[in-house]
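The next block holds one structure in the form of structure tokens; read it before the comments.
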Amino acid sequence: MERWCAKRKQARGEVMPAAQCYELARRWYSGRLERDFERPTVREMEATFRAVGLTGEFWRLEG
Amino acid sequence: MSLHREVRFEVYRHMVATGAAPTVEELSDAVGAPETDVEAALRRLGADRQLVLVPGTTKIWMAHPFSAVPTLFPVRAGDTTYRANCAWDAMAIPALLGRDAETETRCPDCSAPLRLVTRDGELEPTDAVVHFAVPPRRFWVNIGFT
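Listed below in structure tokens is the structure:
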């Protein structure tokens, strides 16, 4: 991770197990294929992060 | 149903069916609207962050979690190979399709072979971790890097 970040002069972000990322992916993209899909609101996006245990400043979308 | 919604739906329907992005001509035929109107709808969807267009064009680059161009994260599901934008999207595609799928790639950090397998709606156990380099509030500052 450090090597990847150093190569790109990129600060380390957040690391999570693949299983947690899968759960985020499942929830985040839910309904995307439906005809009447609406882009989630910021509140809904933040709720999705919280629902899979992603909290803290990194996951905050607005003040 | 407004045209941009119909175009968005058709983009995803085509992506799911083929693994590739539709052209403006294909969209025009599918939704029964002139190409100029379809292009306007695509620009609106790009501005709304519902699609990502190749800059300066109306060609589709991404319809998250799908990519229209080859990536490091191919997702094989049956006879179709989809292209995911990142590891997160590689897991999203089987979840979205409700189909078993496999992604064979390499760890972007250490280059070790990496396999993500989804069966019956569950990710098979793996030691892999996913690094989110960019905080979500900055995803769209440079969506290609994200």
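Chains E and L are the protein sequences, given in the same order. Numbering-wise (the numbering used here), the first sequence opens with residue 185 and increments by one. Numbering-wise (the numbering used here), the second sequence opens with residue -4 and increments by one. Note that the Cβ used here is the ideal one computed from N, Cα and C, for glycine as well. Since we're looking at a predicted model, the values are computed, not measured.
### Task
Count the other CB atoms, across all protein chains shown, that sit within 10 Å of the CB of Gly14 of chain L; report buried if there are 16 or more and exposed otherwise.
buried
### Query
Out of L:Glu34, L:Leu91, L:Ala96, L:Met57, which has the shortest C-alpha to C-alpha gap to Gln45 of chain L?
L:Met57
### Query
In chain E, what lies closer than 9 Å to Pro167 of chain L by C-beta?
Past the boundaries of the shown model lies residue 167 of chain L; chain L is included only from -4 to 141, so the question cannot be answered.
### Query
I think Gly197 of chain E touches Phe233 of chain E, with their Cβ atoms under 8 Å apart; what is that distance to the nearest whole Å?
Not really, about 14 Å apart at Cβ, beyond 8 Å.
### Task
State the Cα-Cα distance for the pair Trp212 of chain E and Pro17 of chain L, rounded to the nearest angstrom.
24 Å
### Task
Could you tell me which chain E residues have their CB closer than 9 Å to the CB of His(-1) of chain L, listed as they occur along the chain?
Ordered by position in chain E, no residue passes the 9 Å Cβ test against His(-1) of chain L, which lies about 12 Å from the chain.
### Query
Where are the beta strand (DSSP E) runs, 3 residues long or more, that stay fully inside the segment 187 to 219 of chain E, in chain order?
198 to 201
### Message
Closer than 9 Å between beta carbons: that is the criterion. Which residues of the segment 120 to 134 of chain L meet it against chain E?
### Response
Pro120, Thr121, Asp122, Ala123, Val124, Val125, His126, Phe127, Ala128, Val129, Pro130, Pro131, Arg132
### Query
In three-state terms, what does DSSP make of Glu230 of chain E?
helix
### Task
Please look up how many angstroms separate the CB atoms of Val70 of chain L and Ala85 of chain L, rounded, as I've assumed it's under 8 Å.
5 Å
### Message
Tell me the DSSP secondary structure of Ser62 of chain L in three-state form.
### Response
strand
### Unbroken stretches of the beta strand (DSSP E), 3 residues or longer, contained in the segment 57 to 139 of chain L
68 to 72, 75 to 79, 96 to 101, 108 to 114, 124 to 127
### Cα-Cα separation, Ala190 of chain E to Ala107 of chain L
18 Å
#### Entry: Simplified DSSP assignment, three categories, for Val47 of chain L
strand
### At least 3 beta-carbon pairs within less than 8 Å: the segment 216 to 236 of chain E vs the segment 19 to 31 of chain L
no
### Query
Buried or exposed: where does Arg210 of chain E fall if 16 or more other Cβ atoms within 10 Å of its Cβ makes it buried?
buried
### Query
Who are the Cβ neighbours of Glu1 of chain L in its own chain at under 7 Å, not counting the five residues just before and after it?
Val26
### Query
Looking only at C-alpha atoms, which of L:Val11, L:Leu37, L:Ala12 sits nearest to Ser23 of chain L?
L:Leu37
### Message
I'd like to check one pair, Arg39 of chain L with Ala72 of chain L: are the Cβ atoms closer than 8 Å?
### Response
no
### Message
Assuming contact is defined by CB atoms lying nearer than 8 Å, are Leu67 of chain L and Thr100 of chain L in contact in what I supplied?
### Response
yes
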